[in-house]
Every structure is written in structure tokens, then in C-alpha cells.
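J.:
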Amino acid sequence: MGETTYALGHSSAEIERLKNQAAMLRPITERLLRSAGIDAGVRVLDLGCGAGDVSMLAAELVGPAGIVVGIDRSQEVLNVARKRTQEARLRQISFVHASVEEFSAGEPFDLVIGRYILVHQPEPVALLRKAAHLVRPGGALAFHEVRMGSITKSFPYVPLWDLTTDLVRIALQSSVPNYDGADRLGGHFSEAGLPYPHLFCEELVGGSADSPLYGSLAELLQTLKPQLERMRIMPAETIAMDGLESRLRDAVIKARSQIYGPAQVCAWARL
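Take the sequence shown: its letter number 27 is residue 27 in the UniProt record's numbering, and every next letter is one higher.
What follows is the structure in C-alpha cells.
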């Protein structure tokens, strides 16, 4: 199985961006977990848990009688996750410093989950096979992925919004190994020898002054700025980064536009 890396890094700014993103994605991920059968008292494994947002959501759903284990290959981000769960007093969560490839468990899990994991895998089918071995018979495997090719558009057209999203798309396409993985979720499951999954897709939509989409897009472009510069695409020559969130908001509101975030594709299968 190929080496797994998170292309966007684990800087403090990126961890904060992920926490903000998690707040937007929470309702969709919760629907996925409930569809996959999460319940009080079950054992859950969170792959590539990052700062712990999905692990904490799962812990709330399994309750104090359940168990949630989050794994990540970054010790730095696990330190953040441990601190957050301690502050939230979610004692049913533990974290393990390990990649999916390295991780082994004493007993299988009722539910193995991952959010924005397969898009970062050079060999997603191999990861699915490994993940399936960690699920008990009758348990479920569930993934929430982002359809990166759908990043985002405005109606009516807002030039600043669409230009910003185009830069984000270019950077992601060059840096994420399984860029179109959300479009191939069903195929990945089948190639791994697993049942074809149940699938659903949702989009984030905004346009009001309090929409979180402005900040999400501005923060993501800031994270991807070094990648664009390595590609000799200089965002500063096209878009001033300072105050970008406010200018996106002002432009969208002035145009009375409706803006769309990237499509969220969710898949789960009972094994």
C-alpha cells in the first residue's frame, strides 16, 4: 500500500481551518453515521482523525458506554485532538499514533469511518481492503468524501467568487492524489471486493451575510497559496489575500447571488 500523506499539512492555521470546516460538515457526516447504524454502546474507529472532529461526533452518538478510537499519522494533530476531547470530557475516545497501514486492533469494530480520507490516498482500494479487515462481521464501513471537481460556483455570476474557486481547484488537482475519488466511491468499494455501497450526495448552499462559505473558501485558498506559487501561479497578482473573506461576502451580497460549496458524497456498506 502506498505511503499516505495529507497534502495540506498540519500547521496551526490549517488545523483551525479544519475545525471551522468540520462545523459546516457535521450535519452531513451525522446523517452518514446514522445511516450506517451508529448507536449507543458501539465500537467505532475513525481513520485519519485529524483534530478529532469526527471522533467527537461519533462519541456523542455512541454515548459513555461506547468506544471511539481515532488514528492519525501526525502526532502534532493528535495532541490537538487529545486536548479538545479532554476539554469536552469525552472519556470514551482514545487516540493512536498510526497510519491505517500500520494500525492493528485487538478486536474488530462495529463501524469504521473516515472523512476526506480516500481523496488523499494514492491507493484508495488498498486502504478500503485494510479498513474492511477492521470491521466485525455485520458491521459497517462508511466514508464521507468531497467532490473536488464541483468546487464551487455562484448564480448570478460573481467574478471574485468564481476566480477564487478556480484557483482552489487548480491547486487541489495538482496536489491531491485521488482528486476524483468521490466520483468513484462505488467503484472503489467494488474493486476492493466489498458490497456496492449505499450512496448519497449533498451540497452546501449560501448567500446570506452569515454564511460560513466565505471564510471556508478564503481559508482554503490561503492554505493552498504555497502550492500555487510552486506552480508559478501567484494568487497575490490575481487576488489580494488580505480581507478576502469580507470582499467575497460583499461581492456575493451585492449581486444577490446564491453560492454553492463542493458536493459532499457519502458511502456506506454493511460487511
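Just so you know, even glycine gets a beta-carbon here, dropped at the ideal spot from N, CA and C.
So within the region 73-116, which uninterrupted alpha helix (DSSP H) runs reach at least 4 residues, ignoring any that extend past its ends?
T.: DSSP runs (the alpha helix (DSSP H)) wholly in the region 73-116: 75-87.
J.: Report the residue from Gly149, Met148, Ser150 and Ala132 whose alpha carbon sits nearest the alpha carbon of Ala142.
T.: Among Gly149, Met148, Ser150 and Ala132, the Cα nearest to that of Ala142 is on Ala132.
J.: Using the beta-carbon count (16 or more within 10 Å), is Arg89 buried or exposed?
T.: Answer is exposed; the Cβ neighbour count stays below 16.
J.: What are the partner residues of Gln264, as DSSP defines its beta bridges?
T.: Val146 and Glu202.
J.: Which value, in whole angstroms, describes the spacing of the CA atoms of Gln75 and His97?
T.: So the alpha carbons of these two residues sit roughly 6 Å apart.
J.: Going by beta-carbon coordinates alone, are Val265 and Leu185 separated by less than 8 Å?
T.: The answer is yes: Cβ separation under 8 Å.
J.: Between which two residues does the alpha helix (DSSP H) harbouring Asp166 extend?
T.: Run containing Asp166: Pro159 to Ser175, per the alpha helix (DSSP H) assignment.
J.: Could you give the DSSP three-state label for Ala269: helix, strand or coil?
T.: DSSP places Ala269 in strand when its eight states are reduced to three.
J.: May I have the straight-line CA-CA distance separating Pro159 from Gly50, to the nearest angstrom?
T.: Their Cα atoms are separated by approximately 33 Å.
J.: Which residues does DSSP list as the beta-bridge partners of Gly233?
T.: A small fix is needed here, since residue 233 is Ile in this sequence, not Gly. Paired residues: none, contrary to the question.
J.: Near Ala22, what residues of its chain come up, given a Cβ to Cβ distance below 7 Å and the 5 sequence neighbours on each side ignored?
T.: Hits under 7 Å: Asp53.
J.: Residues in its own chain within less than 7 Å of Met231 by CB, not counting five upstream and five downstream?
T.: Once the five neighbours on either side are set aside, the close Cβ partners of Met231 are Ser174.
J.: Under 8 Å between the Cβ atoms of Leu228 and Ala192?
T.: Cβ atoms of Leu228 and Ala192: not closer than 8 Å.
J.: Using three-state DSSP, classify Arg34 as helix, strand or coil.
T.: Residue state, collapsed to three classes: helix.
J.: With 16 as the cutoff for other CB atoms within 10 Å, does Leu18 come out buried or exposed?
T.: Per the 10 Å Cβ criterion, buried.
J.: When we look at the beta-carbon of Ala218 and count the other beta-carbons within 10 Å, is it buried (16 or more) or exposed?
T.: Label assigned to Ala218: buried.
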